[in-house]
Amino acid sequence: MKKYEILEFPQLGDERGQLVVVEELKEIPFEMKRIFYIYGTKGDVARGQHANRRSQFVLINLMGSCKVMVDDGQMNEVIVLNKPHTGVYLNSMVWKEMFDFSSESILLVLASELYDRSEYINDYDKFVQEVTQSEER
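The numbering of the sequence shown is our numbering, which starts it at 1 and goes up by one.
Have a look at this one:
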């Protein structure tokens, strides 16, 4: 599995409106154990700024837009989430930073693990060190 990947979810719609369905182990490449969402974030505020040792995530901006900077320890990319049928999959050990939120942004986050503070890496240099060590094995 890639470290991160853009996901396009099928849109089912008609004159009544749109419907997007996502299912675990189908469109979402893991079993979901936690769901949370971020809203009311000011445009100049960054969220995330960490990596997770075990958790995988899918981020979907349901309304509005935000940018997600993903970094695998060797290269980084900024992804714009601005469509409710598009998400980004983040494998474990990916540094993530969400920023440039529009005022109406609602960012839905699907997680593969329950919250466990001990799996978070909040220091970027420590993250790069752990990635480098795991690649040397």
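By construction, the Cβ of each residue, glycine as well, lies at the ideal position given by its N, Cα and C atoms.
(request) Could you please give me the residues that DSSP links to Gly13 through a beta bridge? (result) Here the question's residue 13 lines up with position 13 in the sequence shown. Beta-bridge partners of Gly13 (DSSP): Gln18.
(message) Less than 8 Å between the beta carbons of Lys26 and Ser112, yes or no?
(response) The residue given as residue 26 occupies position 26 in the sequence shown. The residue given as residue 112 occupies position 112 in the sequence shown. No, they are not a contact pair.
(request) Could you check the C-alpha separation between Glu23 and Glu31 for me, to the nearest Å? (result) What you label residue 23 is simply residue 23 of the sequence shown in a count that begins at 1. What you label residue 31 is simply residue 31 of the sequence shown in a count that begins at 1. A direct Cα-to-Cα measurement between Glu23 and Glu31 gives close to 9 Å.
(request) Work out the CA separation of Val21 and Tyr124 for me, nearest whole Å. (result) Within the sequence shown, the letter at position 124 stands for residue 124. Within the sequence shown, the letter at position 21 stands for residue 21. One C-alpha to the other measures close to 35 Å.
(message) Tell me which residue opens and which closes the alpha helix (DSSP H) that Val89 is part of.
(response) Position 89 of the sequence shown, counted from the start, is the residue given in the question as residue 89. Val is not the amino acid found at residue 89; the sequence shown has Tyr there. Where Tyr89 is concerned, there is no enclosing alpha helix (DSSP H), although the beta strand (DSSP E) it sits in stretches over 86-90.
(message) With a threshold of 8 Å between beta-carbons, can Leu114 be considered close to chain C, or not?
(response) Of the chains in the structure shown, none is chain C; there is only one protein chain.
(message) What does the Cβ neighbour count give for Thr41, buried or exposed, with the cut at 16 atoms within 10 Å?
(response) As a first step, residue 41 is located in the sequence shown; it is residue number 41 there, counting from the start. By the 10 Å Cβ count, Thr41 comes out buried.
(request) Return the Cβ separation of Asp103 and Ser65 in integer angstroms, given the expectation that the two are a contact with Cβ distance under 8 Å. (result) For the purposes of this step, residue 103 is taken as the residue at position 103 of the sequence shown. For the purposes of this step, residue 65 is taken as the residue at position 65 of the sequence shown. Position check: residue 103 holds Ser in this sequence, whereas Asp was assumed. At roughly 10 Å, the Cβ-Cβ gap does not stay under 8 Å, so Ser103 and Ser65 are not in contact.
(request) Please confirm whether Leu90 and Met98 have their CB atoms less than 8 Å apart. (result) Counting from one through the sequence shown, the residue named residue 90 turns up at place 90. Counting from one through the sequence shown, the residue named residue 98 turns up at place 98. No, they are not a contact pair.
(request) Would you mind reading off the limits of the alpha helix (DSSP H) that contains Val128? (result) Working through the sequence shown from its first residue, we reach residue 128 at position 128. Looking at the DSSP string, the run of the alpha helix (DSSP H) that includes Val128 is 124-136.
(request) Look at the alpha carbon of Arg54 and the alpha carbon of Trp95, and state the distance between them as a whole number of angstroms. (result) Taking the first residue of the sequence shown as 1, we reach residue 54 at position 54. Taking the first residue of the sequence shown as 1, we reach residue 95 at position 95. Roughly 12 Å separates the two Cα atoms.
(request) Taking Glu77 as part of the beta strand (DSSP E), name the residues at either end of that continuous run. (result) In the sequence shown, the residue the question calls residue 77 occupies position 77. Boundaries of the beta strand (DSSP E) around Glu77: 76-81.
(message) What residue range does the beta strand (DSSP E) around Ala111 cover?
(response) The count along the sequence shown starts at 1 and reaches residue 111 at position 111. The continuous beta strand (DSSP E) containing Ala111 extends over residues 106-111.
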